[in-house]
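Protein chains: 2
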Amino acid sequence: MNSKGRLYGIGVGPGDPELLTLKALRLLRSASVIAYQSATDRESIARKIVSSYLPGNQVEVSYHLPRALEPEKAKSVYDQEIEPINEHLAAGRDVVVLCEGDPFFYGSFMYIFTRLSHQYQTEVVPGISSLMACPVSLGVPFTYYNDILTVLPATLPTEMLISQLLATDAAAIMKLGRHFAKVRDVLHQLGLQSRARYIERATTTEQRILPLDEVKPEEVPYFSMIVIPTIQRL
Amino acid sequence: MNSKGRLYGIGVGPGDPELLTLKALRLLRSASVIAYQSATDRESIARKIVSSYLPGNQVEVSYHLPRALEPEKAKSVYDQEIEPINEHLAAGRDVVVLCEGDPFFYGSFMYIFTRLSHQYQTEVVPGISSLMACPVSLGVPFTYYNDILTVLPATLPTEMLISQLLATDAAAIMKLGRHFAKVRDVLHQLGLQSRARYIERATTTEQRILPLDEVKPEEVPYFSMIVIPTIQRL
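Read top to bottom, the protein sequences are chains Z and L.
Under the UniProt record's numbering, the residues of the first sequence are numbered 1 to 234, in order.
Under the UniProt record's numbering, the residues of the second sequence are numbered 1 to 234, in order.
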């Protein structure tokens, strides 16, 4: 008899609670423990997305996997943060980890998966990524037929952004934040400024769409994207 | 008073009916007409995915937008194929177009959107793309933190595949079909054969996962993907 709990990583989508999948909703309601990433001073975004679906009798666990740590330091902090999830599973309780967007696409769940999926029965449910939600919210068909699509973090150096953008048909530039001005300048340099579309907090009640040159660089949040759709052919 | 129908394009995901979103399910059930792409001799994949949810009293319209036509020819064929949808909308009936995966991500819905969204109130619902579903089904975390991800159609020439793969952290190679052997050889040439993971018909009851070198090139379907996850760091 296996008395261990099961681990679930479920994508909860980009923000609109109705963009949860039927499978994610079923698993969310079935577990005795839910877990989510949460910076110490902020409400968890993933929890907020699903809050109206919670049955109200679940144990909640939050963890915080900070960025920008030395690899050795990060490993030990991550191990420590994930330990409460491990303890619930070891005690036989199923744990559903809520993941903004999709669990395996730039998600913090992957650090949990790599640490615990060998020990516990694990199931992952894909979610609607901002990569799909942003073009839809902008109303721009994104990639056709045999296009190349490149997903670029805004943190890349200017030269790398340029070479990547020159080699692709369509692109999404993510995690703009304080890197916005650099990206905007690159797009002007390449003549892409009129094709590029800016959106922040897509599908949430705070969604904003702005022309590229009206965006104030100092106000750009982390949850923002520039979408460069392919050139329409037919 | 506006007596025109409304146009909806809803992503129905990669194959598992439970990967529909709550929003897609609500709209699917609300329309009097559903439309889907269907080659003349085959069942529509998108319709099959949602078949258990259909209320049974909807008008159904199928269309076929063939690939590999001359642009001028394609335009006129597509106009013609889409005309029945236009007629339902003009007559005041809401039409839900079913889209495999996500509507704006390599989808046939985009040809409908560009033709009809200016005339009719239109709403698009993002769906789970194979780009998210395949890594999850393979059990491989895909992209971390500041990775570059490139989505490549297998139709690209060898030299282009090589230069793109050398410039990225993670990649998905789609639409393998008869191009599989070329792609496999490129992956060997670049030493990527052990990182590359092959999957076909992800999340459906016919899903298959095979080691790269056990795939028989002549059996590879269009709905297949090679996922090259980033190298795990933490």
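For glycine and all other residues, C-beta sits at the position ideal for the given N, C-alpha and C.
Three-state class that DSSP yields for residue i in the structure shown
| i | result |
| --- | --- |
| residue 177 of chain Z | helix |
| residue 192 of chain L | coil |
| residue 210 of chain L | strand |
| residue 231 of chain Z | coil |
| residue 150 of chain L | strand |
| residue 34 of chain L | strand |
| residue 114 of chain L | helix |
| residue 74 of chain Z | helix |
| residue 39 of chain L | coil |
| residue 1 of chain L | Residue confidence for residue 1 of chain L is low, a pLDDT of 48 falling below 50, so the modelled location carries little weight; the figure read from the coordinates is stated next. Three-state DSSP puts residue 1 of chain L in coil, outside helix and strand. |
| residue 29 of chain Z | helix |
| residue 201 of chain L | coil |
| residue 24 of chain Z | helix |
| residue 220 of chain L | coil |
| residue 162 of chain Z | helix |
| residue 18 of chain L | helix |
| residue 53 of chain Z | helix |
| residue 105 of chain Z | strand |
| residue 183 of chain L | helix |
| residue 171 of chain L | strand |
CA-to-CA distance, residue j to residue i, given in whole angstroms
| i | j | result |
| --- | --- | --- |
| residue 130 of chain Z | residue 190 of chain L | 31 Å |
| residue 120 of chain Z | residue 27 of chain L | 37 Å |
| residue 87 of chain L | residue 63 of chain L | 13 Å |
| residue 128 of chain Z | residue 148 of chain Z | 20 Å |
| residue 262 of chain L | residue 187 of chain L | With chain L represented from 1 up to 234, any question about residue 262 of chain L goes unanswered, as that position is not in the structure. |
| residue 218 of chain L | residue 99 of chain Z | 38 Å |
| residue 24 of chain L | residue 48 of chain L | 15 Å |
| residue 158 of chain Z | residue 183 of chain Z | 8 Å |
| residue 236 of chain L | residue 81 of chain L | Outside the modelled stretch of chain L, which goes from 1 to 234, sits residue 236 of chain L, for which no answer is possible. |
| residue 202 of chain Z | residue 209 of chain L | 34 Å |
| residue 226 of chain L | residue 193 of chain L | 10 Å |
| residue 69 of chain Z | residue 232 of chain L | 16 Å |
| residue 112 of chain Z | residue 103 of chain Z | 10 Å |
| residue 175 of chain Z | residue 45 of chain Z | 16 Å |
| residue 56 of chain Z | residue 215 of chain Z | 40 Å |
| residue 91 of chain L | residue 155 of chain L | 41 Å |
| residue 211 of chain L | residue 204 of chain L | 19 Å |
| residue 40 of chain L | residue 122 of chain L | 27 Å |
| residue 74 of chain L | residue 132 of chain Z | 26 Å |
| residue 38 of chain L | residue 146 of chain Z | 20 Å |
| residue 54 of chain Z | residue 118 of chain L | 39 Å |
| residue 207 of chain L | residue 72 of chain Z | 38 Å |
| residue 124 of chain Z | residue 126 of chain L | 19 Å |
| residue 22 of chain Z | residue 3 of chain Z | 27 Å |
Exposed unless 16 or more other CB atoms sit within 10 angstroms - verdict on residue i
| i | result |
| --- | --- |
| residue 220 of chain L | buried |
| residue 164 of chain Z | buried |
| residue 76 of chain Z | exposed |
| residue 222 of chain L | exposed |
| residue 242 of chain Z | Outside the shown range of chain Z, which is 1 to 234, sits residue 242 of chain Z, and nothing can be said about it. |
| residue 200 of chain L | buried |
| residue 42 of chain Z | exposed |
| residue 101 of chain L | buried |
| residue 161 of chain L | buried |
| residue 197 of chain L | buried |
| residue 242 of chain L | In the structure as shown, chain L starts at 1 and stops at 234, and residue 242 of chain L therefore has no counterpart that could be examined. |
| residue 94 of chain L | buried |
| residue 52 of chain L | exposed |
| residue 1 of chain L | Model confidence at residue 1 of chain L stands at a pLDDT of 48, short of 50, so the residue's coordinates are unreliable; what they give is reported in the following sentence. With fewer than 16 other Cβ atoms within 10 Å, it is exposed. |
| residue 137 of chain Z | buried |
Residue i versus the options, residue with shortest Cα-Cα distance
| i | options | result |
| --- | --- | --- |
| residue 224 of chain L | L:188, L:231, L:164, L:179 | L:179 |
| residue 5 of chain Z | Z:30, Z:101, Z:46, Z:136 | Z:30 |
| residue 273 of chain L | Z:144, Z:98, Z:111 | Nothing can be reported for residue 273 of chain L, as the shown portion of chain L is limited to 1 through 234. |
| residue 235 of chain L | L:20, L:11, L:170, L:146 | This structure does not reach residue 235 of chain L, given that chain L is present from 1 up to 234, and the question cannot be answered. |
| residue 134 of chain Z | Z:229, Z:34, Z:38, Z:3 | Z:229 |
| residue 139 of chain L | Z:116, Z:146, Z:156, Z:141 | Z:116 |
| residue 66 of chain Z | Z:124, Z:107, Z:55 | Z:107 |
| residue 246 of chain L | Z:177, Z:150, Z:19 | Any property of residue 246 of chain L remains undetermined from this structure, which presents chain L solely from 1 to 234. |
| residue 7 of chain L | L:110, L:18, L:39 | L:110 |
| residue 58 of chain Z | Z:213, Z:141, Z:97 | Z:97 |
| residue 61 of chain L | L:124, L:54, L:33, L:141 | L:33 |
| residue 169 of chain Z | Z:9, Z:3, Z:142 | Z:142 |
Contacts of residue i in chain L (Cβ-Cβ under 8 Å)
| i | result |
| --- | --- |
| residue 45 of chain Z | None at all; the shortest Cβ gap to chain L is about 17 Å. |
| residue 18 of chain Z | 21, 22, 23, 26 |
| residue 153 of chain Z | 145, 146, 147, 148 |
Cross-chain neighbours of residue i in chain L, by beta carbon under 7 Å
| i | result |
| --- | --- |
| residue 102 of chain Z | 132 |
| residue 31 of chain Z | By Cβ distance, chain L contributes nothing, its closest Cβ being about 16 Å from residue 31 of chain Z, past 7 Å. |
| residue 129 of chain Z | 132 |
| residue 135 of chain Z | 104 |
Closer than 8 Å at the beta carbon, the chain C residues around residue i
| i | result |
| --- | --- |
| residue 67 of chain L | Annotation note: the requested chain C is absent from the structure, which comprises protein chains Z and L. |
Contacts of residue i in chain Z (Cβ-Cβ under 8 Å)
| i | result |
| --- | --- |
| residue 225 of chain L | What residue 225 of chain L touches in chain Z: nothing, since even the nearest Cβ is about 13 Å away. |
| residue 220 of chain L | The premise fails here: residue 220 of chain L is roughly 17 Å from chain Z at the closest Cβ pair, so nothing lies under 8 Å. |
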